[in-house]
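S.K.:
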Amino acid sequence: MNVFEYMEKHGHEQLTFFHDRVSGLKAIVAIHDTTLGPALGGCRMWNYAGEDEAITDALRLSKGMSYKNSAMGLNLGGGKAVIIGDPRKDKTEELFRAFGKFVETLGGRYITAEDVGVGTAEMVVVQQETSHVAGLPEKSGDPSPATAFGVYRGMQACAKAVWGSESLRGKVVAVQGLGHVGYHLCRHLHDEGARLIVSDIFPDRVESVVQEFPAMAVKPEAIYAVEADIFAPCALGAILNDGTIPQLKARIVAGSANNQLQEPRHGDRLHELGILYAPDFVINGGGVVNVAHEFAPAGYNRDRAYAQVATIYDKVARIIEISRAEGVPTYRAADLLAEERIERLGRLNRICLPR
Ligand SMILES: NC(=O)c1ccc[n+]([C@@H]2O[C@H](COP(=O)([O-])OP(=O)(O)OC[C@H]3O[C@@H](n4cnc5c(N)ncnc54)[C@H](O)[C@@H]3O)[C@@H](O)[C@H]2O)c1
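In my numbering, the protein residues as written are 98 to 452.
Pasting the structure below:
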């Protein structure tokens, strides 16, 4: 790929490659934009088919973090790390120690955390080499419950916009993916009296949710077409596409999965069909808000963190308002909001401070 062309087009600041011959570490850190503050974004470990795929992933995901952190009102920029390797086979102590050393060399421009294939246990190892790490078990820990709470609040805001009441009582919600986030989301929905239709590719996950909450299970490919009020994608990206959108019966799409729209035009299509789409990087921002509270001057406090996660309701409501007032799809309204904050606060740099 033509790296500089891509970086210029998307506004990236930095792309750094790290290699350690002892541990075999091959890591890439992409820093998209640090206008708002140091770049925060997780470290993903994945068996990439090739280096181009890993580079593209790091660049794409780091840009997504700039938008998410901006939309969440955080004073943090966007970055992401990827480690090339199989998370089931290649994780070692020395690999994550080496990664931590390399993160330290970036001097705090990039703060790492867990992501797909990397958990809190690895972050504890990384912390031995750098203080530029978040999502630690003795602090904010696993971000998934906070993400699920944010999705639940965002869903309430969508319900208010569509049905005039934020209550989800009696609403039928189809949840795709019953992993870390999907499970906690089901709990919130059940507690509020929503009715659940669920699917996962692993029968044991379906079984445990169906045992715990009254939920109707359907096959993974059947979830799009069920008679539901709300569709909550909590599994994979790109699930809103030419094949799935025509099947949807729901009035609202609100879930945690990243990059739900296969292409921007699928966001336009949902808008044309009158299906309210809660932009993914806004509704799933609860996890990063929770992690960011580790940097609060008084230290991490769960109540304060969750109070800020709860404001995802207001953020989603504001995006719906802009979308309706300007006649633009919600995904576009969310982009504009995130870009506008970076632009507006970036202009503060013109004020010279005493040296
Ligand atoms: N964990 C977080 O805090 C967080 C934060 C922001 C975004 N997200 C995004 O939310 C989504 C879920 O995250 P998670 O942490 O719960 O992941 P997870 O891996 O714990 O759960 C994903 C679940 O989806 C299931 N799944 C995969 N393909 C499926 C399919 N075709 N149909 C039905 N189920 C399928 C998996 O079996 C798994 O149970 C991901 O897209 C993730 O990137 C998560």
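For every residue, glycine included, the Cβ atom is placed at its ideal position computed from N, Cα and C.
1. How many Å lie between L130 and G175 at the Cα?
2. Contact between the region 183–199 and the region 150–169: three or more CB pairs below 8 Å?
3. Please specify which runs of the alpha helix (DSSP H), each continuous and at least 4 residues long, are wholly inside the region 252–312, giving them in chain order.
4. Cβ of R302 versus every heavy atom of ligand 1: is any distance shorter than 7 Å?
5. If we ignore side chains and look at the alpha-carbon of each, how far apart do I417 and T189 end up?
6. Please report the straight-line C-alpha distance between E455 and K123, rounded to a whole angstrom.
7. For the pair the region 222–241 and the region 143–157, tell me if three or more CB-CB distances fall below 8 Å.
8. Measure the alpha-carbon distance for V179 versus R141 and round it to whole angstroms.
9. Should S420 go down as buried or exposed, given a rule of 16 or more other Cβ atoms within 10 Å for buried?
10. Under 7 Å from any heavy atom of ligand 1, does the C-beta of A270 make it?
11. Hey, quick one: how far does the alpha helix (DSSP H) through I152 stretch, first residue to last?
12. Measure the alpha-carbon distance for D411 versus A254 and round it to whole angstroms.
13. Ignore the nearest five residues each way along the sequence and tell me which others in R348's own chain have a CB closer than 7 Å to its CB.
14. Which of the three DSSP states, helix, strand or coil, is assigned to D212?
15. Hey, would you say the C-beta of L293 is under 7 Å away from at least one heavy atom of ligand 2?
16. For P330 and A375, what's the separation of their Cα atoms in angstroms?
17. Which value, in whole angstroms, describes the spacing of the CA atoms of R415 and L434?
18. Going by C-alpha to C-alpha distance, which of D297, T113, V221 and P317 sits closest to Y207?
19. Please name the residue, chosen from G424, S228, G147 and G121, that lies closest to F392 on a Cα-to-Cα basis.
20. Closer than 7 Å to a non-hydrogen atom of ligand 1 - does that hold for the CB of A178?
21. Can you grab the Cα-Cα spacing for the pair C449 / S262, in whole Å?
22. Taking 7 Å as the line, does the beta carbon of G182 fall inside it for any heavy atom of ligand 1?
23. Is the separation between the beta-carbon of N381 and that of A402 shorter than 8 Å?
24. Taking Cβ to Cβ, would you say D297 is nearer than 8 Å to G274?
25. Which residue from N172, A256 and F299 puts its Cα closest to that of A291?
26. Look up K316 in the DSSP assignment and say whether it is helix, strand or coil.
27. Restricting to Cα atoms, I'd like to know which of Y145, N398 and G170 is closest to V213.
28. Alpha carbon to alpha carbon, what distance is there between G121 and T408?
29. Let me know the secondary structure DSSP gives K106 once reduced to three states.
30. Going along the chain, which residues of its own chain have a beta-carbon closer than 6 Å to the beta-carbon of Q344, five neighbours each way excluded?
31. Is it buried or exposed, D400, if we count other Cβ atoms within 10 angstroms and call 16 or more buried?
32. Helix, strand or coil for I380, going by three-state DSSP, please let me know.
33. Whole angstroms are fine: how far does the CA of A389 sit from the CA of D149?
34. Can you tell me whether D117 is helix, strand or coil according to DSSP?
35. With distance defined between alpha-carbon atoms, name the residue in E436, P311 and M252 nearest to D377.
36. Does the region 268–288 come within contact of the region 437–449, defined as at least 3 CB pairs closer than 8 Å?
M.R.: Working from what's here:
1. In the sequence shown, counting from the first residue as 1, residue 130 sits at position 33. In the sequence shown, counting from the first residue as 1, residue 175 sits at position 78. According to the sequence as given, residue 130 is Asp; it is not Leu. Cα to Cα, the separation comes out at about 6 Å.
2. With the cut-off at 8 Å, the region 183–199 and the region 150–169 do not touch.
3. Listed in chain order, the complete alpha helix (DSSP H) runs (minimum 4 residues) inside the region 252–312 are 277–289 and 300–309.
4. Position 205 of the sequence shown holds residue 302. At least one heavy atom of ligand 1 sits closer than 7 Å to the Cβ of R302.
5. Residue numbering aside, residue 417 sits at position 320 when the sequence shown is read from its first letter. Residue numbering aside, residue 189 sits at position 92 when the sequence shown is read from its first letter. Rounded to whole angstroms, I417 and T189 show a C-alpha spacing of 45 Å.
6. Past the boundaries of the shown model lies residue 455; the chain is included only from 98 to 452, so the question cannot be answered.
7. Segment contact: the region 222–241 against the region 143–157, fewer than three CB-CB distances shorter than 8 Å; contact not assigned.
8. Position 82 of the sequence shown, counting from 1, holds the residue named residue 179. Position 44 of the sequence shown, counting from 1, holds the residue named residue 141. One C-alpha to the other measures close to 5 Å.
9. Position 323 of the sequence shown, counted from the first residue, corresponds to residue 420. The residue in question, S420, is buried, as its Cβ has 16 or more Cβ neighbours within 10 Å.
10. Translated into positions along the sequence shown, residue 270 becomes position 173. The sequence shown places Val at residue 270, rather than the Ala named in the question. No, ligand 1 has no heavy atom inside 7 Å of this Cβ.
11. Numbered from 1 along the sequence shown, position 55 holds the residue referred to as residue 152. Element bounds for I152: E148 to A168.
12. Mapped onto the sequence shown, residue 411 falls at position 314. Mapped onto the sequence shown, residue 254 falls at position 157. Looking at the two C-alpha atoms, the distance is approximately 7 Å.
13. Locating residue 348 in the sequence shown gives position 251, where the first residue counts as 1. Taken in chain order, the residues that qualify are V259, D326, I372 and L373.
14. Reading the sequence shown from its first residue, position 115 is the one you call residue 212. In the structure shown, D212 sits in a strand (DSSP, three-state: E or B).
15. In the structure shown, ligand 2 is absent; the only ligands present are ligand 1.
16. Locating residue 330 in the sequence shown gives position 233, counting from the first residue. Locating residue 375 in the sequence shown gives position 278, counting from the first residue. P330 and A375 have their C-alpha atoms spaced approximately 11 Å apart.
17. Mapped onto the sequence shown, residue 415 falls at position 318. Mapped onto the sequence shown, residue 434 falls at position 337. If you take the alpha carbons of R415 and L434, they lie about 9 Å apart.
18. Position 110 of the sequence shown, counted from the start, is the residue given in the question as residue 207. Just measuring C-alpha positions, the residue of D297, T113, V221 and P317 sitting nearest Y207 is T113.
19. On the sequence shown, residue 392 is found 295 positions in, with the first residue counted as 1. Closest by alpha carbon: S228.
20. Taking the first residue of the sequence shown as 1, we reach residue 178 at position 81. Outside the cutoff, so no.
21. Residue 449 sits at position 352 when you count from the first residue of the sequence shown. Residue 262 sits at position 165 when you count from the first residue of the sequence shown. Whole-angstrom Cα-Cα distance: 48 Å.
22. In the sequence shown, the residue the question calls residue 182 occupies position 85. Placement of the Cβ of G182 at a distance of 7 Å or more from every heavy atom of ligand 1 is found.
23. The count along the sequence shown starts at 1 and reaches residue 381 at position 284. The count along the sequence shown starts at 1 and reaches residue 402 at position 305. No.
24. Residue mapping note: residue 297 aligns to position 200 of the sequence shown, counting from 1. Residue mapping note: residue 274 aligns to position 177 of the sequence shown, counting from 1. Yes, the Cβ-Cβ distance between D297 and G274 is below 8 Å.
25. The residue labelled residue 291 in the question sits at position 194 within the sequence shown. Among N172, A256 and F299, the Cα nearest to that of A291 belongs to A256.
26. Your numbering for residue 316 matches position 219 in the sequence shown. DSSP places K316 in coil when its eight states are reduced to three.
27. The residue labelled residue 213 in the question sits at position 116 within the sequence shown. With distances taken between CA atoms, V213 lies nearest to Y145 out of Y145, N398 and G170.
28. Taking the sequence shown and counting its residues from 1, one reaches residue 408 at position 311. Taking the sequence shown and counting its residues from 1, one reaches residue 121 at position 24. Distance from the CA atom of T408 to the CA atom of G121, rounded to whole angstroms, is 42 Å.
29. As a working note, residue 106 is residue 9 in the sequence shown. Collapsing the DSSP output to three states places K106 in a helix.
30. Walking along the sequence shown from the start, residue 344 turns up at place 247. So the list reads Y321 and A322, once near-sequence residues are dropped.
31. For the purposes of this step, residue 400 is identified with residue 303 of the sequence shown, where counting begins at 1. Taking all protein chains in view, the Cβ of D400 is surrounded by fewer than 16 other Cβ atoms within 10 Å, so the residue is classified as exposed.
32. In the sequence shown, counting from the first residue as 1, residue 380 sits at position 283. Helix.
33. In the sequence shown, counting from the first residue as 1, residue 149 sits at position 52. In the sequence shown, counting from the first residue as 1, residue 389 sits at position 292. As the crow flies, the alpha-carbon of D149 is around 30 Å from that of A389.
34. Residue numbering aside, residue 117 sits at position 20 when the sequence shown is read from its first letter. Here D117 sits in coil by DSSP.
35. In the sequence shown, residue 377 corresponds to position 280, counting from 1. Residue M252 is the option with its Cα nearest to D377.
36. Segments in contact, no.
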